[in-house]
Amino acid sequence: MKLKQVGGRVQRDVQRYIIVVIAGATDLDVIIAIRALMEFRYLSQATAITSMTCNKIRASLQEFHDHKDALIENGFRCGEKMKHVLKHWHIPKLELMQSVVPSVERVSSILQWSADTTEHAHIEVIKDPASTTNNHNYDSQICQCLDCYEKCQLFDTALALHGSTTESIPVLPVGQDANGNDLDTYDGDECRNVLDDIWTLKRKVTNFFDVAAQLLAALPGSVPRLPHTFIAGSTAIHLNYDPSLKCIPIDTVVEQFSLPDLHGALGDYLNREGNIAQNFHTFGGQRRSPPDVHLPFKELDVWYKVHLQ
1 MKLKQVGGRV QRDVQRYIIV VIAGATDLDV IIAIRALMEF RYLSQATAIT
51 SMTCNKIRAS LQEFHDHKDA LIENGFRCGE KMKHVLKHWH IPKLELMQSV
101 VPSVERVSSI LQWSADTTEH AHIEVIKDPA STTNNHNYDS QICQCLDCYE
151 KCQLFDTALA LHGSTTESIP VLPVGQDANG NDLDTYDGDE CRNVLDDIWT
201 LKRKVTNFFD VAAQLLAALP GSVPRLPHTF IAGSTAIHLN YDPSLKCIPI
251 DTVVEQFSLP DLHGALGDYL NREGNIAQNF HTFGGQRRSP PDVHLPFKEL
301 DVWYKVHLQ
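Numbering (full-length UniProt numbering), first residue to last: 1 to 309.
Okay, here's the thing in structure tokens:
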């Protein structure tokens, strides 16, 4: 399978599950090499890099070099045209990685040289404001929209600063405290509290354990939709209300996701929990249900993303 026109969001999604997908399907050295390379990239893009971070970057790159031969041995290092296995590592970008730590030690974090900020600015100051216009006089309407955004941000900042203190602060001469004593230093706790109040997330973190407990305690028929939050041992699992794939035939799921024992697993689960079960248990061991077991349903919903807590 080839991916074309892959955007940044798709790349970030692939980075999240690539190790889990290939685990068990290839040699351990291949997985270690890919994980080390990903860790090197993440650490190198940090906004603040310390000497300890530099040591971790070096260690990640060295770990990749220690296990990279497994990629050639398993035939993953192939030419683009002839598809022959390449038995060398003459890759300019790989050679460039040797210069990351020396560059950081000389000019600080390399993220400051990234073009992501300027490229994303086109979305923030052109595309998004343009979507609010009537497709006429773009320049003037975009400027008005940006001016409105700025005023709203300044107003929010003023409210945050005003609400961060509960006591009025008297105006004192510069360099003196309330007793008239000279101040050589000042306590920055109040300033830090103000900044924390401005920049910290305002959205409350959802406790999926409480949500699942409320659903279990709810009376039958009182929940308008099927529960999508469950507890499995010490882990809370939450699914979006809308699945990624709706009403997919079981045979299609078996073929698409390479799950030859899915029918038997579903049969075992129904025999143990029943048709309206909301519990989780460990899957494993020998299948008791035959591959052609009769199921009371023929279609499944599939979720690509799961929230774990």
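We put the beta carbon where it would ideally sit given N, CA and C, even for glycine.
Between V100 and I110, the C-beta spacing is below 8 angstroms. Distance from T53 to L43 at the Cβ level is roughly 6 angstroms; contact confirmed, criterion being Cβ atoms closer than 8 angstroms. Here DSSP, grouped into helix, strand and coil, assigns H238 to strand.
Pairing I32 with E63 gives a Cβ-Cβ distance under 8 angstroms. The continuous stretches of beta strand (DSSP E) do not include E124, and DSSP gives it neither H nor E. Here the C-alpha atom of K56 lies approximately 9 angstroms from the C-alpha atom of E39. Closest in C-alpha terms to H67, from the list H84, E80, L308 and W89, comes W89.
Under the 10 Å beta carbon count, A70 is surrounded by 16 or more other beta carbons and is classified as buried. Going by DSSP, L245 is part of the beta strand (DSSP E) stretching over L245 to P249.
Less than 8 angstroms divides the Cβ of A212 from the Cβ of I231. Following the DSSP letters along the chain, one finds T53 inside the alpha helix (DSSP H) bounded by residues S51 to H67. By alpha-carbon distance to A59, the top candidate from L262, R41 and G79 is R41. Q15 and K83 have their C-alpha atoms roughly 25 angstroms apart. Assigned with DSSP and collapsed to three states, F257 falls in coil, not helix or strand. In the structure shown, D301 adopts extended strand secondary structure according to DSSP, grouped into three states.
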